[in-house]
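Chemist: Under the numbering used here, read the sequence shown as residues 1 to 298, first letter to last.
Idealized CB from N, CA, C, for every residue including glycine.
Because the structure is a prediction, the values reported are computed rather than measured.
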Amino acid sequence: MSVTDPITGFPSSPPKLYAYAIANDPKAATLMTLFQLLLVAIIQGLTEFLPVSSSGHLILLPTLTGGPDQGLAIDVAVHVGTLLAVVLYFRSEVAEATIGLGRLLRGKMDTPGARLAALLILATLPVLVAGLVIKLLGIDEMLRSVAVIGWTMLLFGIVLYWADHTGRSDRDTGDWDVKGAVWMGLAQAMALIPGTSRSGITITAARKLGYDRASAATLSMLMSIPTILASGALLSLDVIGQADAQLARDASIAAGFAFVAALAALVLMMRLLRSVNFTPYVIYRILLGAALLVYAYS
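Rendered as C-alpha cells:
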C-alpha cells in the first residue's frame, strides 16, 4: 500500500505526515512542532479538570499523530498553566486554605480554613504513597498502553454514571469531613492509572458519598492543587539544568495556552453543573474507550 495520498501526493496518515515534514521541509517541521506544542497545551488544559482523563489523552497524542513526546519540561509547563487556572478560579477558597495552613502549622485547627487545609493534606497522602509505590515497582510504563486507557475510559465512565445517578445530593463543601477526604483521596490514587481521570474518579467518590454535583466538582478541583504541585515539583527535579532559550519559550507558550484552556473548561463545567449532570462526559468516555479498544485489539 502506498504511503501517499493518490491525489495530493502527501502522506496519507498523521504519523506519516509528521515524518514527511521532518524529512522534507524544515519550515514545515517547525510548524508541526509548534502545532504539537499547542495541541499538548490545549488538550492538557481542557481535560485536566473535566472527568475525561488528561493523562490518557496526552499519552494517546504521540501514538495517534506520530509526533514526538512533548518532554518533561513541557509537562511541567502545562501543569503550571492548569495550576494557575484552578487557583485563580477558586481564589477565595485557596486564600482561606492558605491562611488556615499557617494556623495548622502552629498547631491550631480552629477555623474553617485550617480544617480545609488539613483535609486537603489528608486527601493528598494516598496518591503520594501510590505514586511512590508505582515508581519503585517500575510499572508506570506498563500502564501507559492504549488498551489500558481504553478499558479505564470505558469502565470508570460507567462507574461515574452509576454514582451520579444513584448518589444523594444532601451534602455540600461545608460538610466535607475526614471520611470524605479519605475516600476521595483513595479514589484519587486510582487515577495514577492513565485513562481513569483524577477529576472523574474523585467526583465519582464524592457523588456516591452524597455530595451534590457542584460540591463534588469543587472538592475535586481543590484536591487537584496539592496534587498538581507535588507532581510538578517531582517533574521539575528531572528538568533542572536542561533549560535553554528555545525550551523556555516553548514552555511559556505551553503554560499560557494550558492556562486559558483550563480556565475555560472550569468555567464551562461549573456553569453546566447547575442544570446538567455528568452524562455527556460519560458518553464521551464510553465512545472513546470503545474506539481505543478496537484500535488496540485490531
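Give me whichever residues DSSP pairs with residue 211 in a beta bridge.
Modeler: Along the sequence shown, read from residue 1 onward, the residue named residue 211 stands at position 211. In DSSP, residue 211 forms a bridge with 171.
Chemist: With residue 81 and residue 256 assumed to form a contact (beta carbons below 8 Å), what rounded beta-carbon distance in angstroms separates them?
Modeler: If you number the sequence shown from 1, residue 81 lands on position 81. If you number the sequence shown from 1, residue 256 lands on position 256. Rounded, the Cβ-Cβ distance is 7 Å, consistent with contact.
Chemist: I need the straight-line Cα distance from residue 284 to residue 52, nearest angstrom please.
Modeler: Along the sequence shown, read from residue 1 onward, the residue named residue 284 stands at position 284. Along the sequence shown, read from residue 1 onward, the residue named residue 52 stands at position 52. Distance between the alpha carbons of residue 284 and residue 52 is about 8 Å.
Chemist: Are the beta-carbon atoms belonging to residue 207 and residue 160 less than 9 Å from one another?
Modeler: Along the sequence shown, one-based indexing puts residue 207 at 207. Along the sequence shown, one-based indexing puts residue 160 at 160. In contact: residue 207 and residue 160 (Cβ atoms closer than 9 Å).
Chemist: Is it the case that the segment 257-272 contacts the segment 112-128, given that we only count it when at least three CB pairs across the two stretches are under 8 Å?
Modeler: Short answer: they don't touch.
Chemist: When you compare the CB positions of residue 270 and residue 217, do they come within less than 9 Å of one another, or not?
Modeler: Counted from its first residue, the sequence shown places residue 270 at position 270. Counted from its first residue, the sequence shown places residue 217 at position 217. A contact, by the Cβ cut-off of 9 Å.
Chemist: According to DSSP, is residue 145 part of a helix, a strand, or is it coil?
Modeler: Within the sequence shown, residue 145 is the residue found at index 145, counting from 1. Coil, per DSSP.
Chemist: Using a threshold of 9 Å, state whether the C-beta atoms of residue 139 and residue 56 are closer than that.
Modeler: Within the sequence shown, residue 139 is the residue found at index 139, counting from 1. Within the sequence shown, residue 56 is the residue found at index 56, counting from 1. Against a cut-off of 9 Å, the Cβ pair of residue 56 and residue 139 comes out as no contact.
Chemist: Rounded to whole angstroms, what's the CA-CA distance from residue 293 to residue 155? Just pull it up for me.
Modeler: Translated into positions along the sequence shown, residue 293 becomes position 293. Translated into positions along the sequence shown, residue 155 becomes position 155. Those two C-alpha atoms are separated by around 12 Å.
Chemist: Using the Cα positions of residue 29 and residue 228, report the straight-line distance between them to the nearest angstrom.
Modeler: Numbered from 1 along the sequence shown, position 29 holds the residue referred to as residue 29. Numbered from 1 along the sequence shown, position 228 holds the residue referred to as residue 228. Only weak support exists for where residue 29 lies, its pLDDT of 45 falling under 50; the value from the coordinates is given anyway. For residue 29 and residue 228, the distance between alpha carbons rounds to 32 Å.
Chemist: State the Cα-Cα distance for the pair residue 104 and residue 177, rounded to the nearest angstrom.
Modeler: Within the sequence shown, the letter at position 104 stands for residue 104. Within the sequence shown, the letter at position 177 stands for residue 177. Rounded to the nearest angstrom, the two C-alpha atoms are 16 Å apart.
Chemist: Do residue 44 and residue 60 come within 9 Å of each other at the CB atom, strictly closer than that value?
Modeler: One-based indexing of the sequence shown puts residue 60 at position 60. One-based indexing of the sequence shown puts residue 44 at position 44. Cβ atoms of residue 60 and residue 44: not closer than 9 Å.
Chemist: Tell me the DSSP secondary structure of residue 162 in three-state form.
Modeler: Residue 162 sits at position 162 when you count from the first residue of the sequence shown. Helix at residue 162.
Chemist: Would you decide whether residue 297 is buried or exposed? Buried here means 16 or more other CB atoms lie within 10 Å of its CB.
Modeler: Residue mapping note: residue 297 aligns to position 297 of the sequence shown, counting from 1. Residue 297 comes out exposed.
Chemist: Here's the rule I'm using: 16 or more other beta-carbon atoms within 10 Å means buried, otherwise exposed. How should residue 91 be labelled?
Modeler: Translated into positions along the sequence shown, residue 91 becomes position 91. Its Cβ having fewer than 16 others within 10 Å, residue 91 is exposed.
Chemist: Take the Cβ of residue 194 as the centre, count every other Cβ of all protein chains shown within 10 Å, and call the residue buried at 16 or more, exposed below.
Modeler: The sequence position of residue 194 within the sequence shown is 194, counting from 1. By the neighbour-count rule (16 or more Cβ atoms within 10 Å), residue 194 is buried.
Chemist: Label residue 275 either buried or exposed according to how many other C-beta atoms from any shown protein chain fall within 10 Å of its C-beta, with 16 as the threshold for buried.
Modeler: As a first step, residue 275 must be located in the sequence shown, where it is residue number 275. By the 10 Å Cβ count, residue 275 comes out exposed.
Chemist: State the Cα-Cα distance for the pair residue 127 and residue 114, rounded to the nearest angstrom.
Modeler: Numbered from 1 along the sequence shown, position 127 holds the residue referred to as residue 127. Numbered from 1 along the sequence shown, position 114 holds the residue referred to as residue 114. Taking the straight line joining both Cα atoms gives about 21 Å.
Chemist: Exposed or buried, residue 246, counting other C-beta atoms within 10 Å across all chains shown (16 or more means buried)?
Modeler: Mapped onto the sequence shown, residue 246 falls at position 246. It is exposed - the Cβ of residue 246 has fewer than 16 other Cβ atoms within 10 Å.
Chemist: Could you check the C-alpha separation between residue 290 and residue 281 for me, to the nearest Å?
Modeler: For the purposes of this step, residue 290 is identified with residue 290 of the sequence shown, where counting begins at 1. For the purposes of this step, residue 281 is identified with residue 281 of the sequence shown, where counting begins at 1. Near 14 Å, if we compare the C-alpha coordinates of residue 281 and residue 290.
Chemist: Under the three-state reduction of DSSP, which class applies to residue 191: helix, strand or coil?
Modeler: Numbered from 1 along the sequence shown, position 191 holds the residue referred to as residue 191. DSSP places residue 191 in coil when its eight states are reduced to three.
Chemist: Taking only three categories from DSSP, how would you classify residue 135?
Modeler: Working through the sequence shown from its first residue, we reach residue 135 at position 135. Here residue 135 sits in helix by DSSP.
Chemist: Have a look at 295, 264, 286 and 254 and flag the residue whose alpha-carbon is nearest the alpha-carbon of residue 46.
Modeler: Translated into positions along the sequence shown, residue 46 becomes position 46. Taking only the C-alpha atoms, the option nearest residue 46 is 264.
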